[in-house]
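What follows is one structure encoded as C-alpha cells, with my remarks underneath.
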Amino acid sequence: MAKGVAENEAQGHALGLLIEYYKTGDLQTWDDYNVAWTGATAGNIDYINSFIEVYNDPLGYRGSYESIIQINDFDMSQKMKVLSDNAQWFEDNSPLMAEHKKENVVGVTYKVVNVAGEAGDASPSTPIGVNLPNANWIRASVGSKSVSLGNIVNASNNAGTTGRLKEFVHDEEELLLEEEYGQLADKLHTALHEVIGHASGKLNPGVGETKETLKNYASTLEEGRADLVGLYYLYNPKLQELGLVTDWEKIGKTAYDGYIRNGLMTQLIRLNLGDNVEEAHMRNRQWVSAWAFEKGKADNVIEKVTRDGKTYFNINDYAKLHDLFGELLKETQRIKSEGDYKAVEALVEGYGVKVDQDIHANVLERNKQFSSAPYTGYVNPILVPETNDAGEITKVNVEYPESFVDQMLTYSKHYSFLPEVN
Ligand SMILES: [Zn+2]
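In this text, residue positions in the sequence shown follow my numbering: the first is 305, and each later residue adds one.
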C-alpha cells in the first residue's frame with residue numbers, strides 16, 4: 305500500500321524490497337533494502353520501519369520492531385538554507401584570525417524532520433535522532449542517513465519546564481523574553497551551530513586532525529567552538545537583514561540569557577553533588593559560560609546575584625558579552641588550527657570540569673520541587689483523513705488523544721493481537 309503512494313521511484317523501490325523482506329525474512333533482501341533505503345534521499349517524507357536496533361537483547365542479536373514516519377521540517381530547512389547560502393559572509397565577518405578563515409566555505413548539511421507517527425520500540429518512549437543503517441559496509445560504500453527529530457526535541461525541551469524556568473530566571477524581563485522568543489532562539493542556535501559553526505575555520509598547514517592534537521579535549525573544544533559561532537551571530541542585525549528574525553536584539557538577549565542560565569546553573573540538575581562535568585557538550589556549555597563570566601567581571605558584564613538565599617546570573621551588558629564570545633571564538637579556533645594541547649587543557653580543566661559546590665547545592669535544592677520521571681512517554685498524533693464524495697482524501701486533520709493513559713488503553717484495545725495467556 306505504501307509502495308503505491310510513494311513520492312518517487314527510489315522510495316517505492318525500497319518499500320518493495322522491505323515488503324519482500326517481511327514476506328521472506330531473507331537477509332540478502334534485507335541488505336538490498338538497506339542499500340535502497342539509504343540511497344532514497346529525494347522527497348519530503350521518509351521512514352524507519354523494521355526490526356532494527358538490538359539494544360533490548362542482552363546477546364545483541366534480535367532486533368526490536370520500530371516504525372517512525374517523518375516529514376521534512378520545512379521551516380528549519382528554509383532557515384538552514386538561508387544560512388548556508390550566506391556561509392561565506394559569516395566566515396568573512398567572523399572574529400577569527402585572517403589565516404584561520406576559509407576562502408571557500410561550504411555550509412554543513414544538517415537535516416531536521418518532524419515525526420508524524422511512531423510505533424513499536426520507537427513509541428511511546430522515542431529517540432531524538434536517528435542515524436542508520438547500522439551495517440558499516442553500507443555506511444562506507446553507500447552512506448547513511450542522519451536526522452534530528454525536531455518536534456520530539458522541542459517537546460522534550462519544553463516538558464513541564466515553566467515552573468523550573470520561573471525558578472531560575474533573574475527577573476520578569478528574562479522570563480517574558482524566553483516565553484516569547486525562546487523557541488526561535490533555540491532553533492537558530494542549532495542551525496548556526498550545525499550549518500555555519502562546524503563548517504567554519506581551517507587547520508594550519510601541517511597540523512594534524514584534532515583527535516590527534518587535542519586528544520580527549522577534541523570534541524568538547526569543537527562543540528564549544530560551534531556554539532560560540534552561534535552565540536556570536538545570534539546577537540547580530542544580520543539575522544534580521546536575512547529575514548530570519550523580526551527583532552534581532554530580543555532574539556540575541558533571549559539566547560544569551562538561556563545559554564548563561566543553563567551553562568552556569570540549570571544543567572547541573574543532571575549531576576549529583578560532588579560529581580565533575582564529564583559529557584563533552586555539558587563541559588563546553590560550562591567552559592564557555594564560566595570563561596565569559598570571569599573575563600567580564602571587571603566590567604560587571606554578567607552579575608551573580610543572591611536573593612533570598614537563591615543564586616541568579618543577570619546579564620548587564622549584552623554587547624560586551626557578544627564581544628567576549630567573539631574573543632573566545634577566535635581563541636578556540638586558534639587552539640584548533642594550531643593543535644595547542646596545553647591551551648585546550650587549561651581552558652577545559654580550568655572552566656569546564658569542576659563544579660562550584662555552593663551553586664550546585666543551591667540549584668539541586670531549588671529543583672527538588674520539580675519531580676521529573678526518569679523516563680518520558682509521548683502521545684502520538686491521531687491523523688484523521690477528510691474525504692470528498694469520490695472518497696479521495698482532501699485533508700488530514702491532526703488530533704491528539706485525551707491523555708497518555710487514554711492513548712495506551714486505546715492501543716491495547718485495538719492493536720493487542722497476542723493472547724494474554726498462551
Ligand atoms: Zn556540534
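All C-beta atoms in this analysis are idealised placements derived from N, C-alpha and C, irrespective of residue type, glycine included.
Proximity test, residue i beta-carbon vs ligand 1 heavy atom, cut-off 6 Å
i, result
"K530", "Reading the sequence as shown, one finds Ala at residue 530 and not Lys. A530: yes, Cβ under 6 Å from ligand 1."
"E583", "no"
"E324", "no"
"E553", "no"
"E527", "yes"
For residue j and residue i, believed in contact at Cβ under 8 Å, the rounded distance
i, j, result
"Q317", "A340", "Per the sequence presented here, residue 317 reads as His, with Gln not at that position. 6 Å between Cβ atoms; contact."
"S450", "K415", "7 Å"
"A489", "A559", "4 Å"
"G771", "R529", "Since the first and last residues shown for the chain are 305 and 726, residue 771 lies out of range."
"L548", "K383", "6 Å"
"L543", "N390", "In fact, because the Cβ distance is near 10 Å, the residues do not count as touching under 8 Å."
"N353", "N376", "At roughly 18 Å, the Cβ-Cβ gap does not stay under 8 Å, so N353 and N376 are not in contact."
"V732", "E642", "There is simply no residue 732 to check, as the chain begins at 305 and stops at 726 in what is shown."
"T342", "I442", "6 Å"
"S388", "N684", "Actually they are not in contact, since the Cβ atoms of S388 and N684 sit about 32 Å apart, beyond 8 Å."
"L531", "N588", "Checking the sequence shown, residue 531 turns out to be Asp, not Leu. About 6 Å; that satisfies the 8 Å criterion."
"L625", "G600", "6 Å"
"G556", "Y539", "3 Å"
"N418", "N455", "4 Å"
"S429", "T680", "7 Å"
"I606", "I663", "No, I606 and I663 are not in contact; Cβ-Cβ is about 13 Å, not under 8 Å."
Chain D contact for residue i (CB, 7 Å cutoff)
i, result
"K415", "In the displayed structure, chain D is absent; only one protein chain is listed."
Exercise. Within the chosen definition, does the segment 431-443 reach the segment 395-405 through at least 3 CB pairs nearer than 8 Å?
Worked result: no
For this session: Could you tell me whether the segment 531-539 touches the segment 486-497, where touching means 3 or more Cβ pairs closer than 8 Å?
Result: yes
Problem set entry | Three CB pairs or more closer than 8 Å across the segment 686-695 and the segment 632-652 | no
For this session: Decide yes or no for the touch test of the segment 653-664 against the segment 590-597: beta carbon pairs closer than 8 Å, at least 3 of them.
Result: yes
For this session: Can you check the segment 421-461 for any alpha helix (DSSP H) of at least 4 residues that lies completely inside it and give the ranges in chain order?
Result: 440-445
Exercise. Going along the chain, which unbroken runs of the alpha helix (DSSP H) with 4 or more residues stay wholly within the segment 486-545?
Worked result: 514-517, 522-538, 542-545
Exercise. Does the segment 442-457 come close enough to the segment 514-525 to have 3 or more Cβ pairs within less than 8 Å?
Worked result: no
Exercise. Taking the runs of the beta strand (DSSP E) that are 3 residues or longer, which of them lie wholly in the segment 678-716?
Worked result: 686-691, 697-703
Exercise. Using 8 Å as the threshold, is the segment 574-584 in touch with the segment 608-626, meaning 3 or more CB pairs across them?
Worked result: no
Exercise. Looking at C-beta atoms only, is the number of pairs between the segment 557-577 and the segment 659-675 that lie closer than 8 Å three or more?
Worked result: yes
For this session: Would you check if there are 3 or more beta carbon pairs closer than 8 Å linking the segment 363-380 to the segment 422-429?
Result: yes
Problem set entry | Contained alpha helix (DSSP H) runs [length at least 4] in the segment 543-602, N- to C-terminal order | 552-568, 584-599
Exercise. Counting only runs that start and end within the segment 344-413, where is the beta strand (DSSP E) found for 3 or more residues in a row?
Worked result: 349-355, 369-376
Problem set entry | Unbroken stretches of the alpha helix (DSSP H), 4 residues or longer, contained in the segment 610-676 | 622-642, 645-652, 661-671
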